[in-house]
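Residue numbers (this note's numbering): 46 to 447. The structure appears below as structure tokens.
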């Protein structure tokens, strides 16, 4: 540990405790057992830890501001903009300004000298800025859990993403779907990981093949359209497509229209015909539901051309794919249900309107800022985890109740 500055995180790892416990032990604050306090101090001395000067200054005086770190794709997604508005509004209620941090991040010490705390939304283990933010010497609240190797933040606000996808899968099967598919997000954020894992566990529990196709975390409508065309070309028996990325649903609808699939209803004859067409083409009905291989999906994501790598089964170039003839791959008029894991203007304004999970992003942003404010004011203990609710909005894209 002599080649670089020893951090709180280094001490926490060596002592086998959380970063907040190390901070409390070294400051003589918080409810830390005396034996733990002594062990932490001994480890800190052995490693040569020196307190962060910026953090010491912050303990003496407030800057009156908190920082907000969003994913690099946030600027073009409604979800994150609405979340940011909610966070700003709630922070102002405690007299705090909100500083939007550059996606590339900055050194923890520089940030710590300018803000009292940090909000880090959908932290991605592959985001090089996140470890420095978590070790900036100020309280950090994450929107969703951080699954990287660093010690966790001071607090988190989480959604039950497994439950929301389960609700969508239950819904489309109740409306007649026999072979649902998920356009799953790439990456290793808590949200992306939960969706891919849930597709597998739900499929195994229900004995239903859930076809999995990996698309970029913030897939555009064009990328979603290409992935859907390739998906339906490879397996016309797919009768429901659930798209994960915010704003991508219109691309799924365009693909369905181009392939002659009627969105919003499934008839018994249509489903049967689709299965017969699949059998005639010799298409495998094997599911991509098992997500063990798709966790390494950065090498298997859709590249926007309709081709998938190891995370998907189909290749572009068939009928109805971007490089094919554009002819329908399923029987004329076969039904297709469409749903989205994220609600927004794209789903509400689509034709037909798309069934979606409303994550209430403005309220989510408020909840994240509220927890940070509560930790800063001593109203909440470090390591607090709060849950955020969601709702399922059913619309015409999955048909009327049966």
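Here a beta-carbon is modelled for each residue, glycine too, at the ideal position from N, C-alpha and C.
Could you round the C-beta distance between residue i and residue j to whole angstroms and report it? I think they count as a contact, below 8 Å.
i: residue 216; j: residue 400; result: 7 Å
i: residue 428; j: residue 199; result: 7 Å
i: residue 168; j: residue 234; result: 7 Å
i: residue 213; j: residue 80; result: Between residue 80 and residue 213 the Cβ distance is about 48 Å, and since that is not below 8 Å, they are no contact.
i: residue 243; j: residue 211; result: 6 Å
i: residue 390; j: residue 142; result: With a Cβ gap of about 28 Å, residue 390 and residue 142 do not count as contacting.
i: residue 306; j: residue 379; result: 6 Å
i: residue 125; j: residue 166; result: 7 Å
i: residue 180; j: residue 92; result: The Cβ separation is near 14 Å, so there is no contact.
According to DSSP, simplified to helix, strand and coil, what is residue i?
i: residue 432; result: strand
i: residue 405; result: coil
i: residue 115; result: coil
i: residue 449; result: Residue 449 lies beyond the stretch modelled for the chain, which goes from 46 to 447, so this question has no answer here.
i: residue 209; result: helix
i: residue 285; result: strand
i: residue 308; result: strand
i: residue 5; result: The chain is shown only over 46 to 447; residue 5 falls outside these bounds and no answer can be derived.
i: residue 219; result: helix
i: residue 214; result: helix
i: residue 68; result: helix
i: residue 437; result: strand
i: residue 400; result: strand
i: residue 63; result: coil
i: residue 57; result: helix
So, using beta-carbon positions, are residue i and residue j closer together than 9 Å?
i: residue 232; j: residue 188; result: no
i: residue 229; j: residue 258; result: yes
i: residue 490; j: residue 308; result: Because the chain spans 46 through 447 in this model, residue 490 falls outside it and cannot be assessed.
i: residue 284; j: residue 225; result: yes
i: residue 164; j: residue 183; result: no
i: residue 294; j: residue 274; result: no
i: residue 246; j: residue 207; result: yes
i: residue 82; j: residue 70; result: yes
i: residue 430; j: residue 202; result: yes
i: residue 442; j: residue 298; result: yes
i: residue 286; j: residue 227; result: yes
i: residue 50; j: residue 263; result: no
i: residue 148; j: residue 178; result: no
i: residue 121; j: residue 292; result: yes
i: residue 412; j: residue 131; result: yes
With residue i as the anchor, note down where its alpha helix (DSSP H) starts and where it stops.
i: residue 86; result: 79-92
i: residue 188; result: Looking at the DSSP string, residue 188 is not in any alpha helix (DSSP H); the run it does join, the beta strand (DSSP E), is 185-188.
i: residue 267; result: 266-279
i: residue 246; result: 235-251
i: residue 52; result: Residue 52 -> no alpha helix (DSSP H), and no H or E assigned at all.
i: residue 393; result: 390-393
i: residue 303; result: 294-303
i: residue 133; result: 123-138
i: residue 179; result: 175-179
Apart from the five residues on each side of it in sequence, which residues of its chain come closer than 8 Å, Cβ to Cβ, to residue i?
i: residue 415; result: 135
i: residue 144; result: 110, 111, 112, 113, 159, 160
i: residue 205; result: 432, 435
i: residue 95; result: 50, 51
i: residue 137; result: 143
Within its chain, find whatever has a CB closer than 6 Å to the CB of residue i; leave out the 5 residues flanking it on each side and keep chain order.
i: residue 107; result: 161
i: residue 128; result: 406, 409, 410
i: residue 139; result: 418
i: residue 333; result: Caution is warranted here: a pLDDT of 38 is assigned to residue 333, below 50, making its placement in the model unreliable, and the coordinate value is therefore given only provisionally. Taken in chain order, the residues that qualify are 256, 257.
i: residue 272; result: 228, 258, 260, 347
i: residue 288; result: 228, 269, 294, 297, 385
i: residue 209; result: 402, 435
Considering just the uninterrupted stretch of the beta strand (DSSP E) at residue i, what are its terminal residues?
i: residue 145; result: 142-145
i: residue 257; result: 256-260
i: residue 165; result: 162-166
i: residue 263; result: Run containing residue 263: none; DSSP gives neither H nor E here.
i: residue 202; result: 200-204
i: residue 387; result: No beta strand (DSSP E) holds residue 387; DSSP gives it neither H nor E.
Within a Cβ cutoff of 7 Å, which residues of the same chain sit near residue i, ignoring the five residues on either side of it in sequence?
i: residue 60; result: 67, 84, 85, 88
i: residue 438; result: 388, 400, 401, 403
i: residue 222; result: 284, 285, 311, 382
i: residue 341; result: Because residue 341 carries a pLDDT of 35, less than 50, the predicted location of this residue cannot be relied on, and no value is offered for it.
Between residue i and chain D, is any beta-carbon pair separated by less than 9 Å?
i: residue 60; result: No chain D is part of this structure, which consists of one protein chain only.
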